[in-house]
Structures are given as structure tokens and as C-alpha cells.
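Heads up, the thing below is written out as C-alpha cells.
Numbering (my numbering), first residue to last: 81 to 328.
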């Protein structure tokens with residue numbers, strides 16, 4: 081089954097009015113990137129979500145970086161209904177920085193995925209192991225545990241994209257080799273095949289994230305089970321366009 085390449089740009093806690101305008105212009109001017117052939121989704125900060133959604137070309141899309149499950153007495157947060165209200169269709173869930181900095185557990189991430197999917201959003205559901213866990217040969221144990229938490233609550237896999245981001249490769253300049261990344265992706269797909277269904281295993285897109293740049297994207301994307309990328313730092317530069325072109 082041919083899976084449509086998916087490219088996410090996580091802007092994290094970066095951006096000013098001026099820099100966001102420049103990034104949107106770079107994306108809008110990339111006429112040789114066809115959004116009908118690849119899915120392109122960028123995730124600005126909360127304060128820039130509406131601005132980017134309104135000004136970004138319509139064959140590209142906008143994602144939230146985070147949300148709480150429901151509206152109410154949650155000072156400083158945003159709910160999934162608010163994201164839908166401004167026209168968004170995507171949300172990142174379970175990123176390692178949320179897990180480590182804000183102590184979000186597998187169960188919290190899974191609940192957010194359920195809320196997002198039930199509301200009609202597509203969840204970009206993150207998983208990944210730390211350097212210590214990899215060195216202790218626990219990569220498969222950790223990633224499948226995180227995937228199991230998601231699988232426990234997901235009913236509509238068409239609304240889910242899995243992002244494998246080895247924590248040790250995020251923002252460090254270290255990148256899993258194509259063979260290392262492919263092996264984890266293949267293991268995840270096989271787990272889905274055995275524990276969810278053959279159909280889901282064949283169609284769900286599994287992204288790689290971790291110091292992806294234009295120079296390594298073309299090699300990584302050639303691997304059988306790598307369906308795109310969730311990009312951090314490079315999504316804040318024109319190098320993101322080179323990464324997008326790797327999927328065309």
C-alpha cells in the first residue's frame with residue numbers, strides 16, 4: 081500500500097511576528113512543492129496559530145503543539161474545541177519534551193490522542209527512547225509500550241500519524257542511521273500488524289524525527305518504513321523546503 085509522505089515542522093517555543101511572517105513566505109513561495117502529493121503540516125506556537133492558519137497556503141496545514149483535554153479552569157491552556165474553532169485539523173501529542181518537562185505519562189498522552197481523534201483532529205502521536213534506554217537495549221520495549229497506550233484508545237487509525245523520535249537525537253545533531261531508524265520503524269509496523277491489524281499496519285504513517293536536515297532527509301526517506309519526518313530546528317529555516325522535496 082502506497083502511503084502519502086507526511087512532513088511536520090515543529091516550531092516549538094520559537095517565533096516573533098516578523099520571523100513567522102518570513103517562514104510563512106518561504107513556505108508560500110515554494111511553488112515546486114506540491115501539497116497534493118505530500119502532506120505538509122507546521123506547528124507554530126499557540127500565540128501564532130491563528131495568524132499562520134490564516135496566511136499559510138491552503139495546500140499546507142497547521143497543527144497545535146499541545147492542548148488540554150477539555151475547556152474549563154485550566155489557566156494558560158487551550159482546549160481541542162478551541163483548536164477546531166479556528167479551523168485546525170492536527171495536533172502533536174506525547175512529544176518527549178512534554179513527557180520530560182511536564183511529566184506527561186503514556187496514559188496522559190493516550191487520553192489526549194483519544195480526545196483529539198474523537199473530535200475529528202488528526203493526532204501526530206510521538207514515541208521514542210532516551211539514550212540510556214537505547215544503550216540498555218530497551219528501544220523496542222519503550223516504543224511498543226508507548227504505542228500500546230495509544231492503541232488502547234484509538235478507534236480511527238485514519239486520524240493518527242505515529243512519530244518516532246529517539247530522544248537522544250532531538251536537537252543534538254545526532255541522527256539515527258538510516259538502518260537504525262528503519263529497524264525501529266519496521267518493528268513498530270510489525271507490532272501494529274500483530275496487535276492491531278494488517279490493514280492498520282499497512283496504512284498508518286510512521287515518521288522519523290531527530291536532527292533531520294536537508295542533507296540527510298533524502299537518504300532517510302528511501303527506507304521502506306519511513307513515511308516522512310517530524311522536523312524541529314530545520315523547520316525554522318529554508319532548509320525545510322529541501323526536506324519537503326525529498327518526498328516528491
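No residue lacks a Cβ here, since even glycine has one placed at the ideal position from N, Cα and C.
The model shown is predicted, which means the values in this text are computed figures rather than measured ones.
Selection from 230, 227, 242 and 294 that minimises the alpha carbon distance to residue 253 | Of the listed residues, the one whose Cα sits closest to residue 253 is 294.
Does the region 210-219 come close enough to the region 186-197 to have 3 or more Cβ pairs within less than 8 Å?
-> In the pairwise beta carbon analysis, the region 210-219 is classified as not touching the region 186-197: fewer than three pairs are separated by under 8 Å.
Paired residues, beta bridge with residue 87 - DSSP = Looking at the DSSP output, residue 87 shares a beta bridge with 120 and 309.
Contact under 9 Å by Cβ, residue 122 with residue 315 = Contact check for residue 122 against residue 315 passes: the beta carbons are separated by less than 9 Å.
List the whole-angstrom C-beta distance separating residue 120 from residue 87, where the pair is believed to meet the contact cut-off of C-beta under 8 Å.
-> Their Cβ separation, rounded to whole angstroms, is 5 Å, which keeps residue 120 and residue 87 in contact under 8 Å.
Residue ranges of each beta strand (DSSP E) run of no fewer than 3 residues wholly in the region 213-255, ordered along the chain?
-> Runs found: 240-244.
Alpha carbon of residue 274 to alpha carbon of residue 185, nearest angstrom = C-alpha of residue 274 to C-alpha of residue 185: approximately 24 Å in a straight line.
Buried versus exposed, by CB contacts within 10 Å (16 or more), residue 250 | So residue 250 counts as buried.
CB residue 327 to CB residue 301, shorter than 9 Å?
-> Yes, the Cβ-Cβ distance between residue 327 and residue 301 is below 9 Å.
In chain order, what residues of the same chain lie with their CB nearer than 7 Å to the CB of residue 198, ignoring the 5 residues before and after it?
-> A distance below 7 Å between beta-carbons, with the five flanking residues on each side excluded, links residue 198 to no residue of its chain.
Mind checking residue 256: buried by the 16 CB within 10 Å criterion, or exposed?
-> Around the C-beta of residue 256, 16 or more other C-beta atoms lie within 10 Å, and the residue is accordingly described as buried.
For residue 277, the three-state DSSP class (helix, strand or coil) = The answer is coil: DSSP assigns residue 277 none of H, G, I, E or B.
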